[in-house]
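Report on the following structure.
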Amino acid sequence: MSLMSSHYSSPATSVRTLILIAIKNSALNSLKWILESNTPITKHLSDEEGVECIYAAAKHPGVVYAEMTLLLLEQQLHPGRLSGDGMGIPLLHRVACFSSTTLACCIMTMLLERSDSDVNALDAFGNTAVSYAIATGSFHNACFLIQNPKCRLEAEYEGQSCFYYALHIVPSFAWRIIQSEIELFSIVTLITRLVVVKATNTLETVKTAIKYCVVSAVMNLLAIG
């Protein structure tokens, strides 16, 4: 707090600067103090400055930075681009890499509930948040994203190849429909559903079977590990 006090004593020091200093030094309590002392914080930060502060915290995967990201979002600061494609890495992608699954899922829920958010948002190279979660080994975060009924994992969809490499145990036709809820199934149940799909080859049967096989396979792998 002494670090914050020395900077705060100068009238020329902006709230933005104080927040960035707190984030840089992993000073969660100092960040809380700054926000409490400048309520509402949105009066002291523009949308661009709010995005800058959130991204400064979210670019680190550690628990303290995840807590800082959540704290800043709770202050109604602008989260930046959450849909479409463009330059840079969207916030959802950063959050998908957080080491704390609890905090990551909480923040991703907040982001995906926004009307301007899209789970299929792309970074500058065409990668989605699911790709980031898998690439960093955050499989529980990936499973959370897969639950979203709008999440797309088609082979021809740009940026999804890493998902295929990481989870190739599921047949290629099984990526067409994404499961809407996580539920563990035995290998026997999984095989039975896939056999039914091949036997009937009807769209509704495919949807019913594949609804469970994707995340079931992931969760079984996690349980074994």
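Just so we're aligned, residue 0 is where the sequence shown starts under numbering that gives the first Met the number 0, counting upward by one.
Yeah, the Cβ is synthetic: ideal placement off N, Cα and C, and Gly gets one too.
Within 8 Å, strictly: CB atoms of residue i and residue j
i, j, result
"Ala-95", "Leu-144", "yes"
"Ser-25", "Val-63", "yes"
"Ala-120", "Thr-127", "yes"
"Ala-141", "Met-86", "no"
"Met-67", "Leu-27", "yes"
"Leu-44", "Leu-76", "yes"
"Val-129", "Cys-104", "no"
"Gly-136", "Asp-84", "no"
Residue i in three-state terms, based on DSSP
i, result
"Ser-116", "coil"
"Met-109", "helix"
"Arg-15", "helix"
"Cys-96", "coil"
"Ala-123", "coil"
"Gln-74", "coil"
"Thr-101", "helix"
"Lys-23", "helix"
"Ile-145", "helix"
"Leu-81", "coil"
"Ser-137", "coil"
"Thr-201", "Residue placement at Thr-201 is flagged as unreliable, the pLDDT there being 47, under the threshold of 50; the coordinate-derived value follows with that caveat. Reduced to three states, the DSSP call for Thr-201 is coil."
8 Å contact criterion, which residue i and residue j should meet: CB distance rounded
i, j, result
"His-139", "Thr-100", "4 Å"
"Pro-40", "Leu-69", "A quick correction: the sequence has Ile, not Pro, at residue 40. Going by Cβ atoms, the distance from Ile-40 to Leu-69 rounds to 14 Å, so no, they are not a contact pair."
"Leu-81", "Leu-90", "7 Å"
"His-92", "Tyr-54", "Not really, about 11 Å apart at Cβ, beyond 8 Å."
"Cys-52", "Ile-18", "5 Å"
"Ala-56", "Ile-22", "5 Å"
"Gly-79", "Val-50", "4 Å"
Going along the chain, which unbroken runs of the alpha helix (DSSP H) with 4 or more residues stay wholly within the segment 28-68? 46-57
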